[in-house]
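A.B. asks: Can you read through this structure? Questions will come right after.
Numbering (my numbering), first residue to last: 4 to 345.
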């Protein structure tokens with residue numbers, strides 16, 4: 004069907020779009036978890052969890068699909084990432100498990116101590132998953148000590164550098180903002196007013212961290228700065244991100260929850276595109292020697308494998324998109340309550 008170079012580019016685009024879909028869709032329900040402690044009453048906490056009830060498990064399908072595509076299309080990069088960030092990925096896995104259990108069990112118990120425990124699991128796992136994702140992204144931007152055998156070893160202390168923690172904090176604030184926009188749209192009454200207040204706070208925190216991240220990245224990641232200066236598309240994406248952030252602010256001031264949520268979704272999506280565009284065609288930067296970088300060309304599967312995967316993708320991806328569309332179509336206009344119903 005296609006030659007290897009074209010297929011590598013196609014699969015990079017597909018992988019990037021899957022990452023975008025996951026961050027936009029799962030970002031708001033992770034954000035709801037991050038904001039969970041701000042609820043003032045038992046009823047409000049249950050409503051917040053019920054708000055994401057129909058969506059959260061379907062949203063995580065995009066993460067599984069992203070990991071599967073990365074394994075199939077770019078196995079060398081997949082192996083390097085999972086071995087190098089093994090502890091971080093295990094943390095993500097365990098947190099996702101505990102988060103799912105807390106969502107299922109919290110409404111099934113009446114004991115206050117048990118509910119407090121599951122509330123804590125829901126909040127802590129949501130924060131930790133987001134922070135760890137940000138730490139992995141931060142290390143990917145800085146580069147890792149990738150050796151000639153296409154692997155790298157780093158201590159957890161090296162991976163928890165100040166820049167990666169900044170990226171993690173920025174991503175956490177972004178998801179908290181995204182989740183607050185979702186709750187602003189889906190809740191009513193006093194809870195809606197309370198969420199509106201926290202949305203403004205989340206916006207201010209995100210804006211400060213985002214601008215700080217841009218400034219620090221331009222200073223300590225010269226390869227990223229070089230990409231931005233030589234690719235006009237990146238300036239377009241940066242401008243588009245600014246427009247989306249401004250739209251969020253205006254929507255909040257005018258009390259338009261639908262526009263606010265769409266704007267926050269666009270912000271998450273554009274930032275995801277910006278990350279992928281800045282990295283292209285590199286998948287993993289090597290701090291040791293740029294010639295050792297893993298790119299979409301030297302880390303991809305063979306031409307035949309990529310062609311076969313492309314055929315299956317033409318069948319599988321429409322099914323996933325149809326499932327997602329139906330779930331959102333059925334439940335989007337409904338409002339959650341505290342009785343475990345929607």
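Glycine included, every Cβ here is placed at the ideal spot set by N, Cα and C.
1) DSSP on residue 190, reduced to helix/strand/coil?
2) Quick one: what does DSSP say residue 287 is sitting in, helix, strand or coil?
3) Would residue 125 and residue 106 qualify as a contact pair, given that the criterion is a beta-carbon distance under 8 Å?
4) Which one or two residues does DSSP pair with residue 147 in a beta bridge?
5) For residue 297, list the residues DSSP reports as bridge partners.
6) Given 8 Å as the limit, is there contact between the region 179–190 and the region 317–331, that is, 3 or more CB pairs closer than that?
7) Just to confirm, are residue 76 and residue 266 a CB contact at a threshold of 8 Å?
8) Quick one: complete alpha helix (DSSP H) runs, 4+ long, within the region 115–178?
9) Just tell me which of 71, 32, 26 has its CA closest to the CA of residue 3.
10) Out of 48, 57, 49, 42, which one is the CA nearest neighbour of residue 334?
11) Need the endpoints of the alpha helix (DSSP H) that residue 12 sits in, please.
12) Can you check which of these residues, 129, 220, 195, 6, is closest to residue 177 by C-alpha distance?
13) Out of curiosity, what's the CA-to-CA distance linking residue 63 and residue 154?
14) Rounded to whole angstroms, what is the Cα-Cα separation between residue 345 and residue 306?
15) Counting Cβ pairs closer than 8 Å, one from the region 264–280 and one from the region 290–301, do we hit at least three?
16) How big is the Cα-Cα spacing for residue 281 and residue 197?
17) Quick one: residues in its chain with C-beta nearer than 6 Å to the C-beta of residue 170, no 5 flanking neighbours on either side, listed in chain order?
18) Compare the Cα-Cα distances from residue 104 to each of 286, 121, 96 and report the closest residue.
19) For the 8 Å Cβ check, are there 3 or more pairs between the region 155–169 and the region 203–220?
C.D. replies: Result, derived from the coordinates:
1) As a working note, residue 190 is residue 187 in the chain shown. When DSSP states are grouped into helix, strand and coil, residue 190 belongs to the coil group.
2) Here residue 287 refers to the residue found at position 284 when the chain shown is read from its first residue. Correct three-state label for residue 287: strand.
3) Position 122 of the chain shown, counted from the start, is the residue given in the question as residue 125. Position 103 of the chain shown, counted from the start, is the residue given in the question as residue 106. With respect to the 8 Å criterion, residue 125 and residue 106 are classified as neighbours on the basis of their beta carbons.
4) Along the chain shown, read from residue 1 onward, the residue named residue 147 stands at position 144. Residue pairing of residue 147 in beta bridges, as defined by DSSP: 289.
5) As a first step, residue 297 must be located in the chain shown, where it is residue number 294. Under DSSP, the beta-bridge partners assigned to residue 297 are 287.
6) The answer is no - the region 317–331 does not touch the region 179–190, with fewer than three Cβ pairs under 8 Å.
7) In the chain shown, the residue the question calls residue 76 occupies position 73. In the chain shown, the residue the question calls residue 266 occupies position 263. No, the pair does not count as a contact, with Cβ atoms beyond the cut-off.
8) 115–145, 159–162, all fully within the region 115–178.
9) Within the shown structure, residues of the chain are numbered from 4 to 345, placing residue 3 beyond reach of any answer.
10) As a working note, residue 334 is residue 331 in the chain shown. When each option's Cα is compared against that of residue 334, the closest is 57.
11) Looking up residue 12 in the chain shown gives position 9. Element bounds for residue 12: 7–37.
12) Within the chain shown, numbered from 1, the residue matching residue 177 stands at position 174. Minimum Cα-Cα distance from residue 177 among the listed residues 129, 220, 195, 6 corresponds to 129.
13) Locating residue 63 in the chain shown gives position 60, counting from the first residue. Locating residue 154 in the chain shown gives position 151, counting from the first residue. Rounded to the nearest whole angstrom, the CA to CA distance from residue 63 to residue 154 is 28 Å.
14) Translated into the one-based positions of the chain shown, residue 345 becomes position 342. Translated into the one-based positions of the chain shown, residue 306 becomes position 303. For residue 345, the predicted model reports a pLDDT of 45, less than 50, meaning its position is unreliable; a value from the coordinates is still stated below. Here the C-alpha atom of residue 345 lies approximately 47 Å from the C-alpha atom of residue 306.
15) These segments do not touch.
16) Reading the chain shown from its first residue, position 278 is the one you call residue 281. Reading the chain shown from its first residue, position 194 is the one you call residue 197. Roughly 38 Å between the two C-alpha positions.
17) Locating residue 170 in the chain shown gives position 167, counting from the first residue. Within its own chain, the residues whose Cβ lies closer than 6 Å to the Cβ of residue 170, once the five positions on either side in sequence are excluded, are 137, 140, 141, listed in chain order.
18) Walking along the chain shown from the start, residue 104 turns up at place 101. Looking at the Cα atoms, 121 is the closest of the given residues.
19) Touching, per the Cβ criterion.
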